[in-house]
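Each remark here refers to the structure printed beneath this line.
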Ligand code: DHB
Ligand code: FE
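In full-length UniProt numbering, the protein residues as written are 62 to 326.
Shown next, in the form of C-alpha cells:
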C-alpha cells in the first residue's frame, strides 16, 4: 500500500518536473546548476545542519504540507491548537525537567520569561493529565544549542509532564528574531529571490498525551517586526502571543500565559 502510494506520488513528481522544464525551456547548463545545488546541500548537511529541509522551507513546502496534513486545526479559538512546521532544529530525548524549572543555562543576556498554562481537551476544556510538553528555542545570539559550541548540551530545551490539573510552567527566554543559516544553497536562493532570511521570534513545542493527537507547533511574539514576513511561512494568527510584564519575580521580567488544546484520536 505504501509502495503503491509512493509510485503514484513519484510518477506525478516526474510529470511536474518535465512540465517545469518544458515551460521554462530549461537548458543543460541550468539543469546542471540545479543538480549542483542539490549536491551542495547534501555535502554541507550533518546531524546539526539540515540544508535540504532549509531549502524546502524557504519555498514554503514544509508549511504547505503541514497545512495539508493537519486540516483539522483552524484559527478558531475553540479549535485544537494550530500546528506549525517542525523546522530543522528539534532534537529527540531532551531532558525531562521538573515543573517550574528553567531551561536557560549560562546565558548572561536575555529576557527571562515565566511561561505557564494548561493542556486541555479542546471540546470539553477538561485538563489533560500526563501530557508532555517538549519545548525548544534559540539563544539571544540566534543559535540553537547544537549550532553553538558555547552552549551546554540541550540548553534551552526540555520536556515537562503535566499532573492531574493539566497545568505546566517553566522559565525560558523571550526569544529574539534571527536569520536561518544562509551560508549555503538556501541562502543563495533567498538572495536570488530578493528575500531576507529572518524568522520572527518563536518557541517550538511538541505537545502529546495518551489518547490525544500530538501537535507540533510554534508560538510567535506578536510584536516581532518579522511577524508578517517569516522566511519559512510558519506564522498563523492563533499562534501569535503577547509577552506580559511580570512584577515581583526575581527570576523573570516577562510572563507568558498560553493553553494548548488537543483533540482525541
Ligand atoms: C527553520 C525553522 C526554524 O524553526 C528555525 O529556527 C530555522 C529554520 C526552517 O523551517 O527552515
Ligand atoms: Fe526555530
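Note that beta-carbon positions come from the ideal geometry of N, C-alpha and C, so glycine has one too.
State the Cα-Cα distance for the pair residue i and residue j, rounded to the nearest angstrom.
i, j, result
"residue 300", "residue 253", "30 Å"
"residue 266", "residue 147", "9 Å"
"residue 140", "residue 212", "37 Å"
"residue 198", "residue 179", "20 Å"
"residue 99", "residue 218", "31 Å"
"residue 221", "residue 64", "37 Å"
"residue 292", "residue 260", "6 Å"
"residue 170", "residue 200", "9 Å"
"residue 210", "residue 248", "22 Å"
"residue 189", "residue 318", "17 Å"
"residue 142", "residue 323", "7 Å"
"residue 302", "residue 157", "25 Å"
"residue 290", "residue 268", "26 Å"
"residue 182", "residue 224", "14 Å"
"residue 310", "residue 168", "18 Å"
"residue 298", "residue 288", "10 Å"
"residue 185", "residue 125", "30 Å"
"residue 273", "residue 120", "31 Å"
"residue 164", "residue 116", "30 Å"
"residue 110", "residue 153", "15 Å"
"residue 264", "residue 196", "7 Å"
"residue 308", "residue 239", "28 Å"
"residue 326", "residue 130", "15 Å"
"residue 122", "residue 226", "38 Å"
"residue 81", "residue 73", "12 Å"
"residue 258", "residue 251", "7 Å"
Can you pull the DSSP bridge partners for residue i?
i, result
"residue 194", "221, 268"
"residue 101", "Paired residues: none, contrary to the question."
"residue 325", "273"
"residue 107", "110"
"residue 157", "220"
"residue 240", "259"
"residue 81", "Residue 81 pairs with nothing; no bridge assigned."
"residue 177", "230, 318"
Is the beta carbon of residue i within less than 8 Å of some heavy atom of the ligand MG?
i, result
"residue 245", "Although the ligand MG was asked about, the structure shown includes only the ligand DHB and the ligand FE as ligands."
Please indicate yes or no: does the CB of residue i lie closer than 8 Å to some heavy atom of the ligand DHB?
i, result
"residue 144", "no"
"residue 241", "yes"
"residue 118", "yes"
"residue 128", "no"
"residue 317", "no"
"residue 265", "yes"
"residue 114", "yes"
"residue 123", "yes"
Cβ of residue i within 8 Å of any heavy atom in the ligand FE?
i, result
"residue 294", "no"
"residue 281", "no"
"residue 150", "yes"
"residue 235", "no"
"residue 222", "no"
"residue 260", "yes"
"residue 199", "yes"
"residue 205", "yes"
Determine, using beta carbons only, whether residue i comes closer than 9 Å to chain B.
i, result
"residue 292", "Within the model displayed, chain B is absent; a lone protein chain is all it includes."
Q.
Does the stretch 273 to 282 come into contact with the stretch 200 to 213, if we say contact requires no fewer than three beta-carbon pairs (one atom in each stretch) closer than 8 Å?
A. no
Q. Mind pulling the beta strand (DSSP E) runs of 3 or more residues that sit fully within the stretch 260 to 309?
A. 263 to 269, 276 to 282
**Q.** Cβ contact check for the stretch 172 to 187 and the stretch 241 to 252: 3 or more pairs under 8 Å
**A.** no
Q. When the Cβ atoms of the stretch 226 to 235 are set against those of the stretch 104 to 114, are three or more pairs found closer than 8 Å?
A. no
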